[in-house]
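Numbering (this note's numbering), first residue to last: 11 to 333.
Just so it is clear, CB atoms sit at the ideal spot from N, CA and C, and this is done for glycine as well.
All values reported here derive from a predicted model rather than from experimental measurement.
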């Protein structure tokens, strides 16, 4: 099928997949300026404009590829847009390829999402959770294999601790290690010499907030912002993490003892995490966690209306740590 729907917050992997698709399909480099279009498509008008472009026959040789970024079609979809989507899915020529991408999880209840499930190739690109060190280690080994670089178990462990799940940086650091050490076995000492430890993530920021460590939280925030971490994405991660803690605490306070019920309510895919999550919320009351969610939702609104990103998040951090 020439229609693709890619979603997830890992924009690096998603972009890599789009670039690979550009290679796999027949896009003539000589006609690329005419047959490849990347369109920001947050509104119905922009999405329909992209659909019309996708239906246009390619110029010269090769196929056409139209990439609509940050589409909202899987979160909300008007009836006219739904009809346009159905038409494009059913009648898109084989020489034209349409990619719809969004960082947001599609709403499976919508007719538009069901249409995409029927007609499009769907792929998810979600980052590995910072707590899942085993999955990060597996990712590092996979990346190392593609570069033909040999890592000792200790080197893999140090990369997990130093970088975390940032695949873009993992790729760059592995390439740097290969340039310096070639195909010999790379030790933990080699990694320590070349790789700067900066695994601070929004997950670690959430942990600092949970422990009410305002100084550490502000320091982590400064590093994240220096690495151009989008504030709105950071807040979304914090909200998701605190919402999980809130569900667990609310269920505990309600007297629920069945871990399966608690895990399902909190949408925890790995029930083994529940034991650790329960320990993490011991010092918090349900009312306090509810207030954190209110602060984060207010912060999200502030960022969306254009208030200063850094100062707004700093203020929210201090308020949360004082609860």
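Coarse secondary structure for residue i, derived from DSSP in three states
i           : result
residue 314 : helix
residue 15  : strand
residue 89  : helix
residue 115 : coil
residue 304 : helix
residue 209 : At residue 209, the pLDDT of 47 sits below 50, so the modelled position is not reliable and the matter cannot be decided from this model.
residue 77  : strand
residue 120 : coil
residue 164 : helix
residue 133 : strand
residue 196 : strand
residue 255 : helix
residue 157 : helix
residue 49  : strand
residue 239 : coil
residue 43  : helix
residue 292 : coil
residue 216 : helix
residue 83  : coil
residue 377 : Residue 377 lies beyond the range of the chain shown here (11 to 333); nothing can be said about it.
Nonlocal neighbours in the same chain, by C-beta distance under 7 angstroms from residue i, ignoring five residues either side
i           : result
residue 257 : 275 and 276
residue 35  : 73, 75 and 107
residue 24  : 16, 18, 111 and 135
residue 22  : 177 and 178
residue 238 : none
residue 154 : 161 and 184
residue 12  : 102, 104, 106, 107 and 108
residue 94  : 58 and 61
Residue interval of the alpha helix (DSSP H) (run including residue i)
i           : result
residue 191 : 177-191
residue 323 : 319-331
residue 282 : Here residue 282 belongs to no alpha helix (DSSP H), and DSSP marks it neither H nor E.
residue 227 : 224-236
residue 7   : The structure shown has nothing for residue 7, since the chain only spans 11 to 333.
residue 274 : 269-275
Continuous beta strand (DSSP E) stretch holding residue i: start and end
i           : result
residue 106 : 106-112
Residues of its chain near residue i, where Cβ-Cβ distance is below 8 angstroms and the 5 sequence neighbours each way are ignored
i           : result
residue 301 : 333
residue 91  : 54, 57, 58, 83 and 122
residue 49  : 56, 59, 60, 63, 76, 77, 78 and 79
Integer Cβ distance of residue i from residue j, believed to fall under 8 angstroms
i           : j           : result
residue 330 : residue 305 : 6 angstroms
residue 114 : residue 17  : 7 angstroms
residue 189 : residue 215 : No, residue 189 and residue 215 are not in contact; Cβ-Cβ is about 32 angstroms, not under 8 angstroms.
residue 169 : residue 212 : Not confirmed; about 20 angstroms, so no contact.
residue 163 : residue 105 : The Cβ separation is near 49 angstroms, so there is no contact.
residue 327 : residue 221 : The pair is not a contact, with the Cβ atoms about 12 angstroms apart (cut-off 8 angstroms).
Spatial neighbours of residue i in its chain, beta-carbon cut-off 6 angstroms, leaving aside the 5 residues before and after
i           : result
residue 185 : none
residue 70  : 41
residue 205 : 172 and 183
residue 166 : 147 and 150
**Report entry** Three or more C-beta pairs below 8 angstroms linking the region 131-149 and the region 82-102
**Finding:** Segments in contact, no.
task: Could you tell me whether the region 252-270 touches the region 308-324, using the rule of 3 or more Cβ pairs below 8 angstroms?
output: Counting C-beta pairs with one atom in each stretch, the region 252-270 and the region 308-324 have fewer than three that are closer than 8 angstroms, which means they do not touch.
Exercise for the section: Determine contact between the region 171-185 and the region 144-161, defined as no fewer than three beta-carbon pairs at a distance below 8 angstroms. Expected result: In short, these stretches touch, since the Cβ pair count reaches three.
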